[in-house]
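Enquirer: Residues in the sequence shown are numbered consecutively from 157, following our numbering.
Please see the structure below; I have some questions.
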Amino acid sequence: MRVTAAGSLPGDDFRGALSAIAEVLPEILPLPELPARGSSSGMVGRALGLVDGLGFDLQPAGWRLVPGSSPEHRRAAAQWRNDLDDTEELLQGFDGVLKVGVAGPWTLAGSVERPRGDRLLADHGARRELAEALAEGTGDLLAELRRRVPAATVLLQLDEPLLVAVADGSLPTASGFSRHRAVDGPELAAALRPLADGALLHCCAPGDWLPTAGAAGFAGAAIDTRLFTSTAALDRLGEWLEAGHQLVAGVVDTTRSEVQGADALVTEALRILRPLELDPESLTHRLVLGTGCGLAGLQLRDVVPQLEALRAAAPLLEEQLAR
157 MRVTAAGSLP
167 GDDFRGALSA
177 IAEVLPEILP
187 LPELPARGSS
197 SGMVGRALGL
207 VDGLGFDLQP
217 AGWRLVPGSS
227 PEHRRAAAQW
237 RNDLDDTEEL
247 LQGFDGVLKV
257 GVAGPWTLAG
267 SVERPRGDRL
277 LADHGARREL
287 AEALAEGTGD
297 LLAELRRRVP
307 AATVLLQLDE
317 PLLVAVADGS
327 LPTASGFSRH
337 RAVDGPELAA
347 ALRPLADGAL
357 LHCCAPGDWL
367 PTAGAAGFAG
377 AAIDTRLFTS
387 TAALDRLGEW
397 LEAGHQLVAG
407 VVDTTRSEVQ
417 GADALVTEAL
427 RILRPLELDP
437 ESLTHRLVLG
447 TGCGLAGLQL
457 RDVVPQLEAL
467 RAAAPLLEEQ
477 LAR
């Protein structure tokens, strides 16, 4: 059974983070995301750095669509170029899976403001244009990674923490006095579909989003297992696995600051897997152990011990499932 992590890490040293993470997660290596480097390296700014043809500026309230690219937007694009150069140098000969996380179109639409205020989510044309530009930029990124690390299998993880809020109409407007209109399932899936081929959809918000992932055509889903507690949620998880999809089970609770041991991680994995009563051999081929969300909230010294505990949990879980 393989292990991985969501990708977000503490600190601002990309080369050091990549070198360290490559040693402990050599099979499915997440390209480090370092939000401590600033807004251009945060989840939203990092994704916007892939978008060409649209301009963005960093305002006090966050990122905003503007007529031309601001220095902050250009900095986000430049950061990608620097990280890709370092990745090519440090991962020479790497032949595992290289996983790269990118914020999805609905999270961007719910985070980025229109030129005159409020979120892009309120503008059908603008959110469609942003989704198309993101898909193109992400495709270019994946092609560039394949060129620079040719022996690796490149895997996209699309991060959509706002997907459920967009779907159920709970995302507040800029004024806070009302909510944005809910987006229906077909439109949700349509914006995700160009990014779904062979990719993982990652959402760390509570809600019933796996059907959207399936409708969009994602090969796998990455979940925070602690959000799957009800019988209905576990049934949905069973349906996902029985349909032949991959699952990254985020058993590491990223809201906690202390390192969680292997035994605790196995216990959490068994909590969601035992009730599903799936064939153990089939399950272990489609299951990856991971983190609920990113590890940026951990102390730098705790990252490697936590990932080592996750690696130690994988064979223990296989043994328990086989009984």
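From the three backbone atoms N, C-alpha and C, an ideal C-beta is built for every residue, glycine too.
Predicted, not measured: the structure shown is a model, and the values here were computed from it.
Straight-line CA distance for Trp236 to Leu348?
Expert: As a first step, residue 236 is located in the sequence shown; it is residue number 80 there, counting from the start. As a first step, residue 348 is located in the sequence shown; it is residue number 192 there, counting from the start. Going by the C-alpha atoms only, they are around 22 Å apart.
Enquirer: Give the secondary structure of Asp458 by DSSP, where H, G and I count as helix, E and B as strand, and everything else as coil.
Expert: Against the sequence shown, residue 458 aligns to sequence position 302. Helix at Asp458.
Enquirer: Quick check: what's the CA-CA separation for Pro317 versus Pro328?
Expert: Position 161 of the sequence shown, counting from 1, holds the residue named residue 317. Position 172 of the sequence shown, counting from 1, holds the residue named residue 328. Whole-angstrom Cα-Cα distance: 15 Å.
Enquirer: Thinking C-alpha only, which one of Gly198, Leu439, Arg337 is nearest Leu485?
Expert: In this structure the chain extends from 157 to 479, so residue 485 is not present and cannot be described.
Enquirer: Would DSSP call Pro471 helix, strand or coil?
Expert: Numbered from its first residue, the sequence shown carries residue 471 at position 315. Of the three classes helix, strand and coil, the one that applies to Pro471 here is helix, per DSSP.
Enquirer: Looking only at DSSP bridge pairs, what is Gly446 linked to?
Expert: Taking the sequence shown and counting its residues from 1, one reaches residue 446 at position 290. Gly446 is bridged to Gly406.
Enquirer: From Gly363, Ile379, His358, pick the residue whose C-alpha is nearest to that of Asp324; which is it?
Expert: To locate residue 324, count along the sequence shown from 1; it is residue 168. Per the Cα distances, Gly363.
Enquirer: Count the other CB atoms, across all protein chains shown, that sit within 10 Å of the CB of His280; report buried if there are 16 or more and exposed otherwise.
Expert: The residue given as residue 280 occupies position 124 in the sequence shown. Exposed, since its Cβ has fewer than 16 Cβ neighbours within 10 Å.
Enquirer: Any chance the segment 158–169 sits against the segment 180–196, with 3 or more Cβ pairs inside 8 Å?
Expert: In short, these stretches touch, since the Cβ pair count reaches three.
Enquirer: Are the Cβ atoms of Leu357 and Gly260 separated by less than 9 Å?
Expert: Stepping through the sequence shown from its first residue, residue 357 is reached at position 201. Stepping through the sequence shown from its first residue, residue 260 is reached at position 104. Yes, Cβ-Cβ distance for Leu357 and Gly260 is below 9 Å.
Enquirer: State the start and end residues of the unbroken alpha helix (DSSP H) segment that holds Val320.
Expert: By one-based count along the sequence shown, residue 320 stands at place 164. Per DSSP, Val320 belongs to the alpha helix (DSSP H) from 319–324.
Enquirer: Please classify Thr387 as buried or exposed, where buried requires at least 16 other C-beta atoms within 10 Å of its C-beta.
Expert: Position 231 of the sequence shown holds residue 387. With fewer than 16 Cβ atoms within 10 Å of its Cβ, Thr387 is classed as exposed.
Enquirer: Counting only runs of 3+ residues fully inside the segment 252–277, write out the beta strand (DSSP E) ranges in chain order.
Expert: Counting whole runs of 3 or more residues, the segment 252–277 contains the beta strand (DSSP E) stretches 253–259.
Enquirer: Out of Pro461, Gly273, Val200, Gly205, point me to the one whose CA is closest to Gly332's CA.
Expert: Here residue 332 is taken as the residue at index 176 of the sequence shown, counted from 1. The shortest Cα separation from Gly332 among Pro461, Gly273, Val200, Gly205 belongs to Gly273.
Enquirer: Roughly how many angstroms separate the alpha carbons of Leu174 and Ala346, rounded to a whole number?
Expert: Sequence index remark: in the sequence shown, residue 174 carries index 18 (1-based). Sequence index remark: in the sequence shown, residue 346 carries index 190 (1-based). C-alpha separation (whole angstroms): 34 Å.
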